[in-house]
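The numbering used here numbers the first residue of the sequence shown as 1081 and each following residue consecutively.
Each residue gets a CB set at the ideal place from its N, CA and C atoms; glycine is no exception.
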Amino acid sequence: MYLLGKEFFNKEVGLIAATIATVNYFLIFYAQEVRSYSLLFLFTALSYMYFFRVLNSYSKKDLMIYILVTVALLNTHFFGFFLVATEVIVFIVYLIKEKSNRIHLIKIASIATVFFIISLLPILQYILSHEAKTSFWIGKPSATFFLDYMRGYVGNNFLYGIFITAIFFSLVYLFKKEEHHKYKMATIILIIWIVFGYLLPYLRSITAVPLLTGRNTIMILPALILLVSYGIYLLKGKLLQITTLLIIVYFSISHLFQIGYYDKPSKQQWREVLFEVSQSKEKIALYGFVGYYQAYSDMLNLNMNILGKNIFDENYNNGTLEECFFVLDAHGDHIAKSEQLKNKAIQKVFEISKIGAKGTLFANNIASQKCLEAFNGIAVNVDFSKLNLTKPYKGNPLGMYWNGTVSTATYELKKGNYDFTVNAKGTPYAKKYAELKIEISYNEKDKKTVIAEKIVETNSEFKDYIIPFQTNTDSNISFSVSFINDGGNPATKEDRNAYLKSLVVKER
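Dropping the structure here:
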């Protein structure tokens, strides 16, 4: 961003642009994903930087570098085609403006075009297959989509106001007859980059297949940052410039911490769901109600065969649906919307839930306990009479409590190694969350011997607390979870409580 700003304007604009990009919420967010968006941003900035150089210097070296980075751009993300289309429009403007250099410009364009076409030949079939698509998961954009996207780039309404003001200032200055008019062409190029970078995919989205999303338009963000930086540069006085930039940095960083970006995972945890499902002792049928679960399994070498929703529907209609099966879900609750799963013969047995992704075990015309055994887990029955436990909390299977002990029935476990998992969360009082004491006991006649125990402190999110234990012989085992630090203040409405979502035993 520094080099791009320096190329289009000067070092000062480059430094401002680099600073804004460094703390930009949108860029940091997508830098955390092993996807194409950061590369799309990088190759976009490099492509336009060398494109601008070629148009002004006709350097062969710059032309070759431009071709290389633009080839990388086109092979990174399909929105690279829209970016190159904006460069074509800029090229036409130069062709009209530079009458004496038209032949040279046409030669440059011809060389670049040949290399672009050659680079795309290996993926031509892939491109054509996508061109043939008539539908996509993305909905049609609204007429004001770009305003929503621009707000999304900063994630903060105050910053959004500063950015819009700075961009407006840059555009107004375009019509002033002053010495900074030497940047007139650079400003016009940025306007073309932004306007047509939005307009071209928008027109395709409303006339053919919708493909506009905020993250895809990351290739417009370098131009927007440059316009904002130029607007700040145009402010009179270094003190005002530095103050404005410091305000942007402060609110950008504070926004990152306000959203808890570094405190907790926010992405859907598909991988974790697959890992847990893959631990099933017996083979259980897997259905993915959303795509890409199979791709995740393949990348993780889990060797899972995940069937699509269409196969599930076919098996259900043919009466060949398995007795036990998992449904993998994400991006909305497709399970709740499924009419087939509302069939009374199909029981929901067990759910693995990991931040927006889930794997739910179902039993079809069979006792749910048999499916749990097939999965190698035991759903623990809680004796509600032994503690102050409310009704299930907001749909959770178990419930909430503030003191006492949750005790389970006794289970006969074979000799082996097990994990007891308590899924719970808590609320704080006096800056301390609810603490739980988890005990696993061996029961023999009237004697109970604790064989494993652990004290855990909950937090505001449901989390798995895993306690491993071992039985040396076939044993009668029971489990308990005790609340050990009650507290509250009605005046401040603080109340330290615990919420239990599930208690599960699984053999390792």
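- The beta-carbon separation of G1506 and N1390, rounded to 42 Å, does not stay under the 8 Å limit for a contact.
- In this chain, the alpha helix (DSSP H) harbouring K1091 covers K1091 to T1102.
- Nearest neighbour of S1118 by Cα position, chosen from M1144, H1157 and F1131, turns out to be H1157.
- Note that the stretch 1109-1118 does not touch the stretch 1134-1147; fewer than 3 beta-carbon pairs, one per stretch, sit closer than 8 Å.
- For N1136, the closest C-alpha among the options I1269, F1430 and D1409 is that of I1269.
- Of the candidates T1193, P1290 and V1234, P1290 places its Cα closest to the Cα of H1210.
- By the criterion of a C-beta distance shorter than 7 Å, R1351 is surrounded in its chain by Y1376 and L1380, once the five residues flanking it on both sides are discounted.
- Separation of the CB atoms of Y1367 and F1331 is rounded to 45 Å, and the pair is thereby denied contact status at 8 Å.
- Bridge pairing for A1437: A1410 and K1434 [DSSP].
- Per DSSP, the beta-bridge partners of P1508 are Y1513.
- About 19 Å separates the CB atoms of L1292 and I1207; that is not less than 8 Å, and the two are not in contact.
- Straight across, the Cα-Cα distance linking M1129 with K1438 is about 44 Å.
- Closest by C-alpha distance to Y1105, out of T1287, T1267, N1181 and I1298, is I1298.
- Less than 7 Å divides the Cβ of S1360 from the Cβ of F1455.
- Setting aside the 5 residues that flank it on each side, W1273 is surrounded in the same chain by T1166 and A1303, each with a C-beta closer than 6 Å to its C-beta; the list follows chain order.
- With a contact defined as Cβ atoms closer than 8 Å, L1301 and Y1233 qualify at about 6 Å.
- In terms of Cα proximity to G1496, the closest of I1557, K1573 and K1256 is I1557.
- As the crow flies, the alpha-carbon of N1181 is around 52 Å from that of Y1342.
- Non-local beta-carbon contacts of N1552 in its own chain, meaning distances under 8 Å to residues more than five positions away in sequence, involve K1495 in chain order.
- Here K1534 is near I1547, since their CB atoms are less than 7 Å apart.
- When secondary structure is reduced to three states using DSSP, E1403 falls in the coil class, being assigned neither helix nor strand.
- Just so you know, the alpha carbons of V1585 and E1519 end up roughly 13 Å apart.
- For S1540 and N1395, the gap between their C-alpha atoms comes out near 41 Å.
- Per the coordinates, the alpha-carbon of D1413 lies some 13 Å from the alpha-carbon of K1434.
- For the set L1143, I1198 and S1199, the Cα lying nearest the Cα of K1187 is the one of L1143.
- The criterion of a C-beta distance shorter than 7 Å is not satisfied by L1319 and L1354.
- Within the same chain, Y1105 and H1335 come within 6 Å of G1235 by CB-CB distance, once the 5 residues on both sides are set aside.
- L1254 places its beta carbon less than 7 Å from that of T1267.
- The three-state secondary structure of S1418, taken from DSSP, is coil.
- In this structure L1154 is not in contact with T1124, their Cβ atoms being roughly 11 Å apart against a cut-off of 8 Å.
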